[in-house]
Structures are given as structure tokens and as C-alpha cells.
Amino acid sequence: MPTRQYWRKAGTSKADADRVRQPCSQEMRNDAEYAGLLKEGAVITKVWHAERTAAQKKRYREINARLGQLYDACMIGNGFEFVRRGFPVE
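Next comes the structure, spelled out in C-alpha cells:
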């Protein structure tokens, strides 16, 4: 049986998680920190095929980790729990 990662909350369905995900994404787009991180990440991406320094690579990983933390905080704030693996796909 195929499995995947997803957000769950007691008494809710996948559709409920999808409905919460949309406002979270909108909130993040309106957040100044999120916008700044996206801009900084875009600058690093532009030099993707050029020679990037180790510091740029490290910063890019840090940016992606922080963007994930912002999204996770929004979903957790709405009462959802992230399940890594082992639960069936709907």
C-alpha cells in the first residue's frame, strides 16, 4: 500500500488539511520575513549554474529550512500534526 507524508488532526479529513494549507500559504506570502527569504533565495538560485561558494550553498539550505519552519508553525498553529510515513494514502 503506498504511503506519503501528510498533516493530520483528529476528526479531520485530507480536504480539511488542504483548506487550512491555503490560508497558511497566503499568510506566509504576506509575511515580511518570508518575502525577504524568497528574494534572497532567488538571488542565490540565479547563480545556480555558476560557481557558487560554500557559504552561498549553506545559506540556501538555511533559507529553505526557515521557509519550512514558517509553514510548519502555521499548520501546527491550526492544530495539525505532521506524520512522516506509514499512513495510507487516501
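Its first residue numbered 122, the sequence shown is counted upward by one per residue in our numbering. The C-beta atom is built at its ideal place from N, Cα and C for all residues, glycine as well. A quick note: this is a predicted structure, and the numbers were derived from the prediction, not measured.
- The Cβ atoms of A138 and Y127 sit closer than 8 Å to each other.
- The count of Cβ pairs closer than 8 Å, one atom from the stretch 177-197 and one from the stretch 149-160, reaches three, so the stretches are in contact.
- DSSP places E172 outside both helix and strand once states are collapsed to three, so it counts as coil.
- If you draw a straight line from the Cα of Y192 to the Cα of S146, it is about 7 Å long.
- Bridge partners of V204 according to DSSP: Y127.
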